[in-house]
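Residue 66 in the numbering used here sits at position 43 of the sequence shown, with consecutive numbering throughout.
Cβ atoms here follow ideal geometry from the backbone N, Cα and C, with glycine treated the same way.
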Amino acid sequence: MIASAAQYQVTRKHQQQFEEDLANLTATPVAKPAKLHQLEIDSVQAKIDDFRREIAEYERPSSDEG
């Protein structure tokens, strides 16, 4: 859970890095078993989804605001 603006910025940077990693994983031919490669892709995508969820929760206005 993101609790501060600083954590928010770090999480955004991590999300961007993971998205770049995912793009590289999907664009690069692999010299490893396809199943292992797909597991790596799925793992990176799952972490990106976690980052997006945390960011959305932080950006959502709280019920005490307003």
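Simplified DSSP assignment, three categories, for Ala26: Correct three-state label for Ala26: coil.
When the Cβ atoms of the stretch 62-78 are set against those of the stretch 40-47, are three or more pairs found closer than 8 Å? Contact between the stretch 62-78 and the stretch 40-47 is present, because at least three Cβ pairs lie under 8 Å.
What are the start and end residues of the alpha helix (DSSP H) that includes Ser66? For Ser66, the enclosing alpha helix (DSSP H) stretches over residues 57-82.
Looking at the structure shown, is Ala54 part of a helix, part of a strand, or coil, going by DSSP? Looking at Ala54 - three-state DSSP - the assignment turns out to be coil, as it is neither helix nor strand.
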